[in-house]
Every structure is written in structure tokens, then in C-alpha cells.
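What follows is a single structure, written as C-alpha cells, with notes after it.
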Amino acid sequence: MEKLSDSRNLETIKENLEVINENIVNACIKAGRKEDEVKLLAVTKTVDIERINYAIDCGATLIGENRVQEILEKLPKLSPCALHLIGHLQSNKARKIVGKADVIESVDSLSIAKEISKQASKQGITQKILLEVNIGNEESKFGFDIEEVEERALEIAEFDSIHISGLMCVAPICEDKAHLIKIFSNMHNLFIDIGSKNVHNITMDILSMGMSGDYEEAIAGGSNLIRIGSAIFGPRLYRDKH
Ligand SMILES: *Cc1c(COP(=O)(O)O)cnc(C)c1O
Numbered sequence: 196m197e198k199l200s201d202s203r204n205l206e207t208i209k210e211n212l213e214v215i216n217e218n219i220v221n222a223c224i225k226a227g228r229k230e231d232e233v234k235l236l237a238v239t240k241t242v243d244i245e246r247i248n249y250a251i252d253c254g255a256t257l258i259g260e261n262r263v264q265e266i267l268e269k270l271p272k273l274s275p276c277a278l279h280l281i282g283h284l285q286s287n288k289a290r291k292i293v294g295k296a297d298v299i300e301s302v303d304s305l306s307i308a309k310e311i312s313k314q315a316s317k318q319g320i321t322q323k324i325l326l327e328v329n330i331g332n333e334e335s336k337f338g339f340d341i342e343e344v345e346e347r348a349l350e351i352a353e354f355d356s357i358h359i360s361g362l363m364c365v366a367p368i369c370e371d372k373a374h375l376i377k378i379f380s381n382m383h384n385l386f387i388d389i390g391s392k393n394v395h396n397i398t399m400d401i402l403s404m405g406m407s408g409d410y411e412e413a414i415a416g417g418s419n420l421i422r423i424g425s426a427i428f429g430p431r432l433y434r435d436k437h
């Protein structure tokens, strides 16, 4: 078992947020981007509600969770925030999360998009989604292949009760920072390309990429939403199997 890090301590969460926000500004300046272009999503999987609400109090009002069940358990006690689902969604759970998540970032198949639209339609709402891209072409990862994203986006845009608001990816582990920036830039190009087609039901507003280990490279590559967990809350302590 991992040693309890001192970021179990609330004060450390605040300090971590300050450091990350400073790093975001610096990464933006370095990349010649506006300082307020990049938003921070605090990833709170396995984090208890007290610490999440503390982070929200500190201004981290965008919250990301991986699992539907965990969201449903936390929701009644969660302070006001915008909630993003960032983990793979199974069809049979779509009903439970549509309308509760402000954005479902992890849409990785035509069939799940269709199911989300169906459930949103039943509720009389439009669900915002992002398309997840398997940018490193990794067997182990969810997401559309980069070559098929545009075609799938056009198909998914036909569904009535969803709106495609952007793209999301989890980059491969890569020590070569220049190569990593190139990978993120490829995502950014795709984001710009699709956005420029002006398709009904598609606006490329959110480019969600970058995590604790690679967010500076993601910002250099064009990200406008980084998803940070452990750099805010410390190492995750898993209590149950995933
Ligand atoms: C857990 C997770 C993150 C955050 O990871 P850290 O490395 O802890 O910052 C970001 N995105 C997704 C999809 C995740 O599952």
C-alpha cells in the first residue's frame, strides 16, 4: 500500500491548485497563448467528498469522475460544480448519467452515442458530449482511431439529442517531450479541421487533453481543458477492484 501523502491534508490541496494554476499560466505564455485559454478539470475519482468540496471552495468548479456509480454516490453531497464523465461508459449505464453530467467526455463508439441520445431525448434534453480519440493507437485504450474520427463525428451529429462539443484523449506514456507535443498537436489539428466544417450539432469548443504528468506539453500542443487528479489530491488509494 502507498504511504499516505500529505496531500491528504486539505491545505495541501489548496497549495497544489495554486501551483498548477501558475504552471498553466506559464505554459500558456510559453506557447504564446492567452493566459485564460486553458481550464482545469479536477479529477476526483477515489477522492472523498470532503476533499472534493474543499477543492470546489478553492475555485476548482469543474469536476471529472470516471465511474457512473461513484458519481451517483457523490452527487447528493457535492457542492455546486460542473461535472464531466471522463471514463468509459457502458450502454446499460447511460440512462443513469445522461442529464446528470454536464459533459460526457468519453464517447468512444457510435452505439454509445446513440444510446446517450436516446436517453437524452426521453428526458427532453440535449446532452453535451466529446468524442474520445485513441491518439496513440494503443490496443489498451478506448477511443476512435484518428483516421475515423471525422467520419464518426458526422454520423453521431445526426442523432437529435446530443451535441458534440469537442474532442478528448489520453496520450500515450512518452518520455520524449517534443514527440508528445507533436501528438497533442495532431489532436489540435483534427479539432480545428472538424470545427471548420461547420456541421450542424458539432461545435469544437473543448479540446480535453493533458493529465498530471503531461499537461504542460498538452498546453503547448493546443489543449484548452486539462484533467488533473493526482497532482491536486495526491496518489489515489483504491479501495475496491476496478
Ligand atoms: C484519472 C484520469 C485523469 C487524471 O489523472 P492524473 O494522472 O491523476 O492527473 C485524467 N483523465 C482520465 C481519463 C483519467 O481517468
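If you read the sequence shown in the working numbering, its first letter stands for residue 196, the second for the next number, and so on.
Ideal Cβ positions, reconstructed from N, Cα and C, are used throughout, including at glycine.
Next on the checklist: Closest to F428 by C-alpha separation, out of A289, I251, K269 and G338, would be which residue?
Outcome noted: I251
Next on the checklist: In the DSSP output, what is C364 paired with across the bridge?
Outcome noted: V328
Checklist entry - F354 and R347: beta carbons closer than 8 Å? => result no
Checklist entry - So does M406 have its beta carbon nearer than 7 Å to some heavy atom of ligand 1? => result yes
Checklist entry - Below 8 Å, can you find three or more Cβ-Cβ pairs linking the segment 268–281 to the segment 382–396? => result no
Next on the checklist: Looking at A413: is its Cβ nearer than 8 Å to the Cβ of N211?
Outcome noted: no
Next on the checklist: Less than 6 Å between C-beta atoms, sequence neighbours within five positions excluded: which residues of the same chain meet that for S356?
Outcome noted: S312, A315, S316 and T321
Next on the checklist: Starting from K234, trace the alpha helix (DSSP H) in both directions and tell me its first and last residue.
Outcome noted: Element bounds for K234: not the alpha helix (DSSP H) but the beta strand (DSSP E), K234 to V238.
Checklist entry - Hey, out of K377, D409 and M363, whose CA is closest to I281's CA? => result That would be M363, whose Cα lies nearest to the Cα of I281.
Checklist entry - Residue ranges of each alpha helix (DSSP H) run of no fewer than 4 residues wholly in the segment 211–276, ordered along the chain? => result 244–252 and 263–269
Checklist entry - DSSP on V298, reduced to helix/strand/coil? => result strand
Next on the checklist: Looking only at its chain, what residues have a beta carbon closer than 8 Å to the beta carbon of I244, apart from the 5 residues adjacent to it on each side?
Outcome noted: K269, K272 and L273
Item to check | Runs of beta strand (DSSP E) wholly within the segment 344–432 (minimum 3 residues, chain order) | outcome: 357–364, 397–403 and 420–423
Checklist entry - Where V242 and E230 are concerned, what is the direct C-alpha to C-alpha distance, given to the nearest angstrom? => result 28 Å
Checklist entry - So the alpha helix (DSSP H) I307 belongs to, where does it begin and stop? => result L305 to Q318
Checklist entry - If you draw a straight line from the C-alpha of H451 to the C-alpha of I397, how long is it? => result Given that the chain is displayed from residue 196 to residue 437, the structure contains no residue 451 and the question cannot be resolved.
Checklist entry - Is the beta carbon of P367 less than 8 Å from the beta carbon of G331? => result yes
Checklist entry - Taking Cβ to Cβ, would you say K323 is nearer than 8 Å to H358? => result yes
Item to check | Separation of G361 from R290, as counted between CA atoms | outcome: 22 Å
Checklist entry - Can you round the beta-carbon distance between Q318 and V293 to whole angstroms, since I take them to be within the 8 Å contact cut? => result The beta-carbon distance between Q318 and V293, rounded to whole angstroms, is 7 Å. This is short enough to meet the 8 Å contact definition.
Checklist entry - Which residues in the same chain as K336 place their Cβ atom closer than 7 Å to its Cβ, once the five residues preceding and following it in sequence are excluded? => result N329 and V365
Item to check | DSSP bridge partner residues for H279 (one or two, in chain order) | outcome: The secondary-structure analysis by DSSP pairs H279 across a beta bridge with G259 and V298.
Next on the checklist: Can you give me the C-alpha to C-alpha distance between I307 and C223, rounded to a whole angstrom?
Outcome noted: 34 Å
Checklist entry - Under the rule that 16 or more other beta-carbon atoms within 10 Å means buried, what is K374, buried or exposed? => result For the record, residue 374 in the displayed sequence is His; it is not Lys. Within 10 angstroms of the beta-carbon of H374 lie fewer than 16 other beta-carbons, which makes it exposed.
Item to check | Buried or exposed (CB count within 10 angstroms, at least 16 for buried), D409 | outcome: Classification of D409: buried, given that the 10 Å Cβ count is 16 or more.
Checklist entry - Within 10 angstroms of its Cβ, does G417 collect 16 or more other Cβ (buried), or is it exposed? => result G417 comes out buried.
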